[in-house]
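Just so we're aligned: the first sequence equals residues 49 to 355 in my numbering.
Every residue gets a Cβ at the ideal spot worked out from N, C-alpha and C, and that includes glycine.
Note sheet for the following structure.
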Amino acid sequence: MPELPEVETVLRGLKPRVSGRRIAAVEVLNPFVITGQPDAFVTGLCGCSIASLRRKGKALAIELECNSAESRCYLLVRLGMTGQVTVTSQDVPLQPHTHVRILLEGGKEEVRYRDVRRFGRLRCCTPEEIEAVWTQLGPDAPEISESQFLKAMHGRQGAVKGWLLNQQILSGLGNVYADEALFEARIHPLAQPGRLPIDAARRLHRAVKKVLKRAVAMQGTSFRDYIDIEGRPGNFSSKLRVYQRTGEPCRRCGRSIQRVVISGRSSHFCPRCQPRPRHVSSSPARRARKSEKAANLSGRRQVFKQR
DNA sequence: GCAAGCCTGACC
DNA sequence: GGTCAGGCTTGC
């Protein structure tokens, strides 16, 4: 699941391999993954040179210099759930679910976009469009200051888990690192951001940065699908402390890791290390208990089987 | 049936 | 505006 550390790993891998190179041809094998007209996507990219790469949260933007009109455009890449960007020789046979090939001039290499579940999207953007996308996103999670973070929490009443996943507030966290950051900060996923004690809010700010920093250093997390541009999986999976560990012992206290569903996303936490705050009582708790029962009946049993 | 990011729309 | 549910997708 590509979140910020995985996208950062892709960016760092791509940069030396594609910078300065000209796009000789573009082949769209499956227009489903293109936002906008596929024809415009192909003509927009062909002949351009790759000038630089930028990332904000989980969004990757490849800046292109278009020789003809001396203008600029951007290739916006959102990996979704199972998107993969690789740089390979054109001779390598195409894997199933490869949707776009970007052939590079001056070599026999190409950039390939593969995406089994097709949640990801590629888009050719004008500078104005890319700015609009960028402003929609909150501060990049590793960059956000403590005061920005605390201010954004103020008055928020939903579950802190959902708050962490809101890319307009803070960009880069997905389900994996949100759970890991909450465990690190010892905060229950159903706690309300606006009602967290100041020290807990500060811990969460530090935890978000710490977890992401460690994951970037380990080239991200891989379950089934994420690979870097050379096709290598990430190394952070073994460091996960709560995510997808339902029923397993907490690495800190030994209690069984629990799972609740919040905003339609599974959340994993340790009931002892992340105690339920007093303000989480009536309806969210009922919902939590209900979804825990559901987890006991279905998902949790599956997790046991896998291990 | 479940996993997930992102978008849309309903509701308060 | 905040919050959340639903839908998309496919392999396990």
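Any idea what DSSP makes of T134, helix, strand or coil? Counting from 1 along the first sequence, the entry for residue 134 is found at position 86. Three-state DSSP puts T134 in a strand.
For L212, tell me which candidate among L77, P241, Q196, S195 has the shortest Cα-Cα distance. Translated into positions along the first sequence, residue 212 becomes position 164. Looking from the CA of L212, the closest CA among L77, P241, Q196, S195 belongs to P241.
Every unbroken alpha helix (DSSP H) inside the segment 181 to 265 [4 residues or more]: Here the runs fully enclosed are 194 to 201, 208 to 213, 223 to 232, 246 to 265.
Could you give the distance in angstroms between the alpha-carbon of V256 and the alpha-carbon of G210? Counting from one through the first sequence, the residue named residue 256 turns up at place 208. Counting from one through the first sequence, the residue named residue 210 turns up at place 162. The straight-line gap separating the alpha-carbon atoms of V256 and G210 is approximately 14 Å.
Any idea if Q132 is buried or exposed, counting beta-carbon neighbours within 10 angstroms, 16 or more meaning buried? Along the first sequence, one-based indexing puts residue 132 at 84. Buried: at least 16 other Cβ atoms inside 10 Å.
Do the segment 117 to 128 and the segment 157 to 175 meet, that is, are 3 or more Cβ pairs less than 8 Å apart? Segments in contact, yes.
Does DSSP classify E157 as helix, strand or coil? Walking along the first sequence from the start, residue 157 turns up at place 109. Three-state result, E157: strand.
Candidates R165, S219, E191: closest to T183 by CA position: The residue given as residue 183 occupies position 135 in the first sequence. Taking only the C-alpha atoms, the option nearest T183 is S219.
Where does L59 fall in DSSP's three states? Walking along the first sequence from the start, residue 59 turns up at place 11. Looking at L59 - three-state DSSP - the assignment turns out to be helix.
So is P332 buried or exposed if we call it buried at 16+ other beta carbons inside 10 Å? Position 284 of the first sequence holds residue 332. Only weak support exists for where P332 lies, its pLDDT of 44 falling under 50; the coordinates are left without a value.
When A265, G206, R299, P50 are compared against S311, the one with the closest alpha-carbon: Taking the first sequence and counting its residues from 1, one reaches residue 311 at position 263. Checking every option, the nearest Cα to that of S311 belongs to G206.
Whole angstroms is fine: what's the gap from L62's alpha carbon to G302's? As a first step, residue 62 must be located in the first sequence, where it is residue number 14. As a first step, residue 302 must be located in the first sequence, where it is residue number 254. One C-alpha to the other measures close to 41 Å.
In the DSSP assignment, the beta strand (DSSP E) including F358 goes from what residue to what residue? Given a span of 49 to 355 for the chain in the structure shown, any question on residue 358 remains unanswerable.
State the DSSP-derived secondary structure class of V140, mapped to helix, strand or coil. For the purposes of this step, residue 140 is taken as residue 92 along the first sequence, with counting starting at 1. In the three-state reduction of the DSSP assignment, V140 falls in the coil class.
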